[in-house]
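**Q** For reference, the structure I am asking about is given below.
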Amino acid sequence: MHEPYRRTVPGAKNAVLFVHGIVSTPRYWDAYAALVPEDWSVHCLLLPGHGGSVTDFGRTKRGEWLAHVRQAIGELRASHERVYIVAHSLGTLLTVQAVLAEPEKIAGLLLLAVPLRIFVQPASIIRNIGKGLGLGESPEELARYYGTAQDWRVWRYIGWIPRYLELFAISADVRRRIAALTVPAQVFMSGRDELVSRRSCRVLEKCPAVTLTVLPDSMHHELAPGDDARVREALKRMWGR
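Quick note: the sequence shown uses numbering that gives the first Met the number 0, first residue 0, plus one each step.
As structure tokens, then:
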């Protein structure tokens, strides 16, 4: 269910890379990947430690995440003239880190819910525990954005603590350096985000390469219908459709 998706079009000049967020899945991009022109290549990657068990996630390191993103970008650069990247949450941070190091051939970015400042609301903690234990939302709904197998053995989640500490470290690194970004970036932040502080917008407003839009009715994973339509239109404009 949570395998990476790749469509390689022989001779294609353009490619789109989709990078999901923490404990998420390539399936988060199903609807948006369907908008990519048929003569473009598409790669929805699966970050290391994701798509498997609770233990799998706990054993990965942030260096593995970044190396995986950089490898995917490098492969697309080698075979296409232009590469576009669409990313969410943790994926936006990894994308910015990779692009700051090697901006060549990156034609544009579309970033959703960039966690430059993180503020986790208590309700979100309760909700995420419910996801892990298989409570609350239907399996079909969870499958769209939650890529780790549910496990009621709560002690196994202790291994996640270092991974989330690394998320904070990645956030701090990108926060310090994002003003140096030169690749044009359309950034959409959710007005009702339960994980990302609104102070992130203050940092983004100082970045010349960033065009910032706040989606007033959306949350971290779920976009309100009207907000989702705005993101879709931005993607089509970025791809010249």
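Every residue, glycine too, gets a C-beta built ideally from N, C-alpha and C.
In this text, all values refer to a predicted model and were calculated from it rather than measured experimentally.
To the nearest angstrom, how far is it from the Cα of residue 196 to the Cα of residue 170?
**A** For this step, residue 196 is matched to residue 197 along the sequence shown. For this step, residue 170 is matched to residue 171 along the sequence shown. About 12 Å.
**Q** According to DSSP, is residue 86 part of a helix, a strand, or is it coil?
**A** For this step, residue 86 is matched to residue 87 along the sequence shown. Strand, per DSSP.
**Q** Considering only the beta carbon of each residue, do residue 176 and residue 99 sit closer than 8 Å?
**A** The residue given as residue 176 occupies position 177 in the sequence shown. The residue given as residue 99 occupies position 100 in the sequence shown. In contact: residue 176 and residue 99 (Cβ atoms closer than 8 Å).
**Q** If you pair each beta-carbon of the segment 95–112 with each one of the segment 53–60, do three or more pairs fall below 8 Å?
**A** The segment 95–112 vs the segment 53–60: no contact.
**Q** Consult DSSP for residue 118 and reduce its assignment to one of helix, strand or coil.
**A** As a working mapping, residue 118 is identified with position 119 in the sequence shown. Here residue 118 sits in coil by DSSP.
**Q** Quick one: what's got a C-beta closer than 8 Å to residue 148's C-beta in the same chain, skipping five residues either side?
**A** Residue numbering aside, residue 148 sits at position 149 when the sequence shown is read from its first letter. Here the set comprises 51, 52, 53.
**Q** Looking at the unbroken alpha helix (DSSP H) that takes in residue 222, where does it start and where does it end?
**A** Within the sequence shown, numbered from 1, the residue matching residue 222 stands at position 223. Segment: none, residue 222 is in no alpha helix (DSSP H) and carries neither H nor E.
**Q** Name, in chain order, the residues that DSSP records as bridge partners for residue 237.
**A** In the sequence shown, the residue the question calls residue 237 occupies position 238. Per DSSP, none; premise fails for residue 237.
**Q** Quick check: residue 44 and residue 102, are their CB atoms within less than 8 Å of each other?
**A** Here residue 44 is taken as the residue at index 45 of the sequence shown, counted from 1. Here residue 102 is taken as the residue at index 103 of the sequence shown, counted from 1. No, Cβ-Cβ distance for residue 44 and residue 102 is not below 8 Å.
**Q** If residue 18 and residue 39 are in contact, beta carbons under 8 Å, what's the gap, nearest whole angstrom?
**A** Taking the sequence shown and counting its residues from 1, the one referred to as residue 18 is at position 19. Taking the sequence shown and counting its residues from 1, the one referred to as residue 39 is at position 40. That pair is no contact at about 17 Å.
**Q** By alpha-carbon positions, which one of 199, 203, 14, 232 ends up nearest to residue 117?
**A** As a first step, residue 117 is located in the sequence shown; it is residue number 118 there, counting from the start. Ranking the options by Cα distance to residue 117, first place goes to 199.
**Q** Looking at residue 184 and residue 209, is the spacing between their C-beta atoms short of 8 Å?
**A** Position 210 of the sequence shown, counting from 1, holds the residue named residue 209. Position 185 of the sequence shown, counting from 1, holds the residue named residue 184. Cβ atoms of residue 209 and residue 184: closer than 8 Å.
**Q** Give the DSSP-derived three-state secondary structure of residue 10 in the structure shown.
**A** As a position in the sequence shown, residue 10 is number 11, starting the count at 1. Three-state result, residue 10: coil.
**Q** List the residues that DSSP assigns as beta-bridge partners of residue 186.
**A** Here residue 186 is taken as the residue at index 187 of the sequence shown, counted from 1. Per DSSP, 110, 211.
**Q** Distance, Cα to Cα, residue 159 vs residue 235?
**A** Looking up residue 159 in the sequence shown gives position 160. Looking up residue 235 in the sequence shown gives position 236. When rounded, the distance between both Cα atoms is 37 Å.
**Q** Which term fits residue 59, buried or exposed, when burial requires 16 or more other beta carbons within 10 angstroms of its beta carbon?
**A** Here residue 59 is taken as the residue at index 60 of the sequence shown, counted from 1. Its Cβ being crowded by 16 or more others within 10 Å, residue 59 is buried.
**Q** Report all residues from its chain with a CB closer than 6 Å to the CB of residue 290; omit the five preceding and five following residues, and keep chain order.
**A** The displayed coordinates of the chain run from 0 to 240. Any statement about residue 290 would go beyond what the structure contains.
**Q** Can the beta-carbon of residue 42 be found closer than 8 Å to that of residue 77?
**A** Indexing the sequence shown from 1 puts residue 42 at position 43. Indexing the sequence shown from 1 puts residue 77 at position 78. Not closer than 8 Å, so no.
**Q** Specify, as a first and last residue, the run of the alpha helix (DSSP H) that residue 68 falls within.
**A** Taking the first residue of the sequence shown as position 1, residue 68 is located at position 69. Run containing residue 68: 61–78, per the alpha helix (DSSP H) assignment.
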